[in-house]
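One line per chain: the protein sequences are D and L, in this order. Take any residue in the first sequence, note its place counting from 1, add 26, and you have its number in the numbering used here. Residue numbers are given in the numbering used here: position 37 of the second sequence equals residue 19, and the series is strictly consecutive. Data first, discussion second: the structure below is written as structure tokens.
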Amino acid sequence: MKTIRSMVIVSGDPVSLQRGASELMQALQKEIKAFDLADEITVAMASDLGRHDALPLVVVYPDAVVYGPVQPSQARLLVEEHLYKGRVAEALLAPVRELSGTIAWLRARKGTLPAEQRIVLRRAGLIDPESIDDYILHDGYQALGKALTTMTPAEVIDEITRSGLQGRGGAGFPTGRKWSFVAGAPGQPKYVICNADESEPGTFKDRLILEGDPHSIIEAMVIAAYAVGASEGYIYIRGEYTLAYQRLEKAIQQAEEYGLLGDDIFGTGFHFKIHIHSGAGAYICGEETALIESIEGKRGEPRARPPYPPTKGLWGKPTLVNNVETLANVPPIIRSGADWYRSFGTPSSPGTKVYTILGNVNNTGLIEVPMGITLREVITIYAQGMRDGRPLKLFQSGGSSGSIAPASLQDTPMDFESFRKAGVSLGSGALLICDDRTCVVDLAKVLMQFFRFESCGKCTPCRVGTQRSYEILTAITEGTARLEDLDELLRLGEAMETLSNCGLGQTAAVPTRDILKHFRAEVEAHIRLGVCPSGVCPMEKAAVPV
Amino acid sequence: MQVKTVDLQTSQAVSAAIEKHGASREALIPILSEVNRLLGYIPAEAFTEIKRQLRLQSSDLRVYESQLYSLASFYHMLSTEELGRHVVRFCESAPCHVVGGRELLTAVQETLGIQPGQTTPDRKWSLITTSCLGVCAVGPVLLVDDDIYGNVTPDQVPEILARYE
């Protein structure tokens, strides 16, 4: 019998792969064979390890020693020193860093570091994502077994409702309520859709979950299907995520072989099938009715609502649509209970949230922390401070459709309720942190360009409003705008917000509104004085002020 | 009488795509994606060929060229125009923009001598701006064909592009 005494993980994010991670992995395997260690040491490629300063990284467990960057030619030294002789290969160690994603979490478990709390990412980077055995070894499919054999569908929904889980795709709708709508809706068959069309700029949390722990999504979907009475499921994944697609495909195949998916799951007679549907590049397909249209083989144009998907969704049948991160919370809640889950986060927003940290900070990357920590904590502890020691000017939370907030809000707890009260959207968890070299008009212009490009064009307020707003913002950056144009921007924004058919148009004007609310003086300086205070905008057509 | 001929390569790509994804309404986007992947773009005759082959397989599946074109023009990953031998995709989303994306795009445009959406006269390069590629932690990001380059600075551009024949 094989006893695994050590596990070697190579970072497999795009940059590592470009820098030879595959060759490195082969070299490690070759050396491990050469030292006759193949029976006791496994080598696996993980996805993004959450640290990007010394790629490719090699992490050796169980001692969690981090090496990097490691060249294929150094594989022999690493294997000989660490795995054969059992001592740390000092020469190859990665620069010491306090917090670094997965690795930090592992060390935090030993009580040495402050709290990253991993629930949905607890296995990502620690298990071999292509092995169902590894997943099962790490408590995988236990929640499914518990739900199917000891709980009624109503009890499953009740547990999710009591946990207080809210949708993690951006809107924060209570998950348990959504499930009960679908369970109570008349009509058969019912569908469960996993929304993996993660296209919000600055957000890649779902990619990490799918690449690092694909089985957790399969398990969650089967539990959801059991709870709402669905027999068929779809994972709608964005076309750019090829690695995640392959891993899901493999995971589905393995789960079917093990009888955890398909007919007669766990011998209970319950049956459920999952199809993967790959998108073809359209931001709007993250909107649930557009996504459903796309699965049906049409242009991804949002439907008029009501009726909402829980009553009339895919092929006109009751349909549950949940985001990847939301689903990833389901198995832990079922396994450990709602009370356990509520011990994390705040009373109104229980659990954890995965954030992507981006922009002008020293460490960009991904963290999973309890709801309710503040941006100041994120910047100082996890991001290791602002880059070049510049001051924080503003942050944008939740991707393009999120809010632009001034530095003064950095001590507001980041949970759904507190942010809502402060007029900020938490959104998908992207935190774009900008220093004083960022011009608010330039930023708003880039965001409006995005909406102009991604608007599906079905409804007029959005199609025309985004175009017209973009023209005005461009005029401001060139120095040809007039003060009245700012009123026009606000008027357009109001029209888009109230009259657009879907969330894209309704939120497209948020950045513009926010900069006029918090940074009006800076915007007006472009127009009145003909200067960009941050020195970013070209202002080439500005009249010289007298 | 004029006989329309369909390029053998197109016809084979369409057959392969339909075989892989099945002849059904919900397979239309996967079929178009597959043809796009195999041929690099979707030529006009491919729409007719998809319609023809789908009708042969399933007589109640009514699909028209206009419908297929409407799909191909909606989704950004599908192209109805032939692109250059290499495609540079540039992420113009805000997270890349604030960490040097703006300067990077200027450098790419100057090196290639084309604007986004254009192809060089020698058909070697196409430049396309794209939405977020999901690798924001290492922005600004360039995607050349299938290779992702992260943390790119303007002075690295000529060296990166020189790697492609």
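Glycine included, each C-beta is placed from N, C-alpha and C at the ideal position.
Contact set between residue i and chain D, taken where Cβ atoms lie within less than 7 Å
i, result
"L/D137", "Residues of chain D passing the Cβ test: none, with the nearest at roughly 18 Å."
"L/P98", "Under the 7 Å cutoff, chain D gives no residues; its nearest Cβ is about 11 Å from L/P98."
"L/E8", "I321, E322 and G323"
"L/I11", "A306, S320 and G323"
"L/H58", "G307 and A308"
Cβ distance (whole Å) where residue i is taken to contact residue j below 8 Å
i, j, result
"D/A270", "D/V218", "Contact doesn't hold; Cβ gap of about 18 Å is too wide."
"D/A169", "D/I300", "With 8 Å as the limit, D/A169 and D/I300 do not qualify as a contact, their Cβ atoms being about 17 Å apart."
"D/V562", "L/H79", "About 10 Å separates the two Cβ atoms, so there is no contact after all."
"D/A117", "D/I235", "With 8 Å as the limit, D/A117 and D/I235 do not qualify as a contact, their Cβ atoms being about 34 Å apart."
"D/L119", "D/I58", "At roughly 20 Å, the Cβ-Cβ gap does not stay under 8 Å, so D/L119 and D/I58 are not in contact."
"L/A76", "D/P227", "6 Å"
"D/V450", "D/S427", "Going by Cβ atoms, the distance from D/V450 to D/S427 rounds to 12 Å, so no, they are not a contact pair."
"L/I11", "D/G323", "6 Å"
"L/C114", "D/S225", "6 Å"
"D/Q44", "L/Y131", "7 Å"
"L/F56", "D/R478", "At roughly 15 Å, the Cβ-Cβ gap does not stay under 8 Å, so L/F56 and D/R478 are not in contact."
"D/G425", "D/T229", "5 Å"
Residue i burial status per 10 Å Cβ neighbour count (16 or more: buried)
i, result
"D/I291", "buried"
"D/R554", "exposed"
"D/E394", "buried"
"D/P332", "exposed"
"D/Q279", "exposed"
"L/L(-10)", "exposed"
"L/R34", "exposed"
"D/E283", "exposed"
"D/S434", "exposed"
"D/G415", "exposed"
"D/S99", "exposed"
Three-state secondary structure (DSSP) of residue i
i, result
"D/M522", "helix"
"D/C465", "coil"
"L/A9", "helix"
"L/E1", "helix"
"D/F421", "strand"
"D/G46", "coil"
"D/V34", "strand"
"D/D79", "coil"
"L/L125", "strand"
"D/K379", "strand"
"L/D(-11)", "coil"
"D/T294", "coil"
"D/F61", "coil"
"D/E313", "coil"
Selected residue, minimal CA-CA separation from residue i, among the options
i, options, result
"D/E314", "D/G293, D/V472 and D/I263", "D/I263"
"D/V248", "D/T294, D/K484, D/G94 and D/G556", "D/T294"
"L/L87", "L/S55, L/R105, L/P140 and L/E1", "L/P140"
"D/L346", "D/G288, D/R402, D/D365 and D/Q214", "D/Q214"
"D/G453", "D/Y381, D/G265, D/I321 and D/V557", "D/Y381"
"L/A(-2)", "L/N18, L/E8 and L/R7", "L/N18"
"D/P121", "D/H78, D/S157 and D/V146", "D/H78"
"D/T372", "D/P439, D/G391, D/K343 and D/N386", "D/P439"
"D/M522", "D/D511, D/D513, D/G377 and D/V490", "D/V490"
"D/G202", "D/I183, D/P212 and D/C220", "D/I183"
"D/P344", "D/R329, D/I243, D/M397 and D/W205", "D/W205"
"D/A431", "D/I153, D/L401 and D/Q410", "D/L401"
"D/S374", "D/L392, D/I498 and D/R446", "D/R446"
"D/A330", "D/P358, D/T268 and D/C528", "D/C528"
"D/M51", "D/S157, D/S560, D/V36 and D/P40", "D/V36"
"L/A28", "L/Q39, L/Y51 and L/S40", "L/Y51"
"L/E63", "L/L109, L/L38, L/H3 and L/F72", "L/L109"
Listed by chain order, chain L residues near residue i by CB distance under 7 Å
i, result
"D/H78", "A119 and V120"
"D/G213", "Simply none; closest approach about 19 Å."
Interface partners of residue i on chain L, CB under 8 Å
i, result
"D/C460", "V80"
"D/T382", "C118 and A119"
"D/Q422", "A76"
"D/R416", "Near D/R416 there are no residues of chain L at all, since even the closest Cβ is about 12 Å away, more than 8 Å."
"D/G228", "S75, A76, P77, C114 and C118"
"D/E480", "S113"
Interface residues of chain D facing residue i [CB-CB closer than 8 Å]
i, result
"L/D129", "Q44"
"L/S15", "G265, S304 and A306"
"L/G4", "Ordered by position in chain D, no residue passes the 8 Å Cβ test against L/G4, which lies about 11 Å from the chain."
Partner residues on chain L for residue i, Cβ-Cβ distance less than 9 Å
i, result
"D/N386", "V80 and V81"
"D/R102", "Ordered by position in chain L, no residue passes the 9 Å Cβ test against D/R102, which lies about 28 Å from the chain."
Name, going along the chain, the residues of the region 22 to 40 of chain L whose beta-carbon falls closer than 8 Å to a beta-carbon of chain A.
As a matter of chain content, chain A is missing from the structure shown, whose protein chains are D and L.
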